[in-house]
Amino acid sequence: MPTIRPSADLRNSYNEISEFCHKYSEPVFITRNGKGDLAVMSIEAYEALKGRLELYTLLEKGLQDDRSENVISFSEGLDNIRKEING
Numbered sequence: 373m374p375t376i377r378p379s380a381d382l383r384n385s386y387n388e389i390s391e392f393c394h395k396y397s398e399p400v401f402i403t404r405n406g407k408g409d410l411a412v413m414s415i416e417a418y419e420a421l422k423g424r425l426e427l428y429t430l431l432e433k434g435l436q437d438d439r440s441e442n443v444i445s446f447s448e449g450l451d452n453i454r455k456e457i458n459g
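The opening residue of the sequence shown carries number 373 in the working numbering; numbering runs sequentially from there.
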């Protein structure tokens, strides 16, 4: 169940919100006038989320390359790396 807090809690209960975000690695949803406005999370949780997004983006690009047959064999790729290393 998501944690939802009013915007006034950012000012009045910042330390409590920060501790929650660090302890549970989950965002806290902040409302303004009863409607969703922000999601607050720890830097660690944000970086993990961003890393997963980057990984998923690279995996999707790889799948698209595979579907369009824009790929080379492993041995050919290894040969290309060796040529780059050896000049």
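We put the CB at the ideal spot given by N, CA and C, even for glycine.
DSSP places I376 within a strand segment (E or B) once states are collapsed to three. R404 is bridged by DSSP to K407. In this structure, the beta-carbon distance from A380 to E398 does not fall below 9 Å. By the 16-neighbour rule on beta-carbons within 10 angstroms, S440 is exposed. With the rule of 3 Cβ pairs closer than 8 Å, the segment 429 to 437 does not count as touching the segment 402 to 417.
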